[in-house]
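Below: the structure, in structure tokens.
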């Protein structure tokens, strides 16, 4: 088994000090607020969810998010018409806010 080191503090990732692996670049940091730069609540949400991917700050800063919107060419056009213009919109997803929202939702359940 390959021992991974934290990109932030350069110490080993262990069972007692587990890590987070960036879903984009595979960089590993300790799953703590200092190395991961996340709150304890956000870290808990990541630990308890299998469907959330984490990305490091470097990848978040260097990668833009794309969302596509379909806007009809004419508002008075027939509703069954398949014609439309596709516009690509660049937006930044606030991962911390997303994790906070997910944390709140999980607490409600």
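Residue numbers (our numbering): 763 to 871. Built from N, CA and C at the ideal position, the CB exists for glycine as well. It should be emphasised that the depicted structure is a prediction, and the values quoted were computed from it without experimental measurement.
Cβ-based neighbour list, residue i, same chain, cut-off 7 Å, excluding 5 preceding and 5 following
i	result
residue 799	819
Under the three-state DSSP convention, the category residue i falls into
i	result
residue 869	helix
residue 812	coil
residue 850	Because the pLDDT at residue 850 is just 48, under 50, the model does not fix this residue reliably, and the value given afterwards should be weighed accordingly. Of the three classes helix, strand and coil, the one that applies to residue 850 here is strand, per DSSP.
residue 800	coil
Under 8 Å between C-beta atoms of residue i and residue j
i	j	result
residue 817	residue 865	no
residue 797	residue 771	yes
residue 773	residue 766	no
CA nearest to the CA of residue i, picked from the options
i	options	result
residue 805	782, 787, 769, 867	782
residue 823	814, 792, 787	787
residue 863	825, 814, 836, 835	814
Where residue i falls, given that 16 or more other Cβ within 10 Å makes a residue buried
i	result
residue 869	exposed
residue 808	buried
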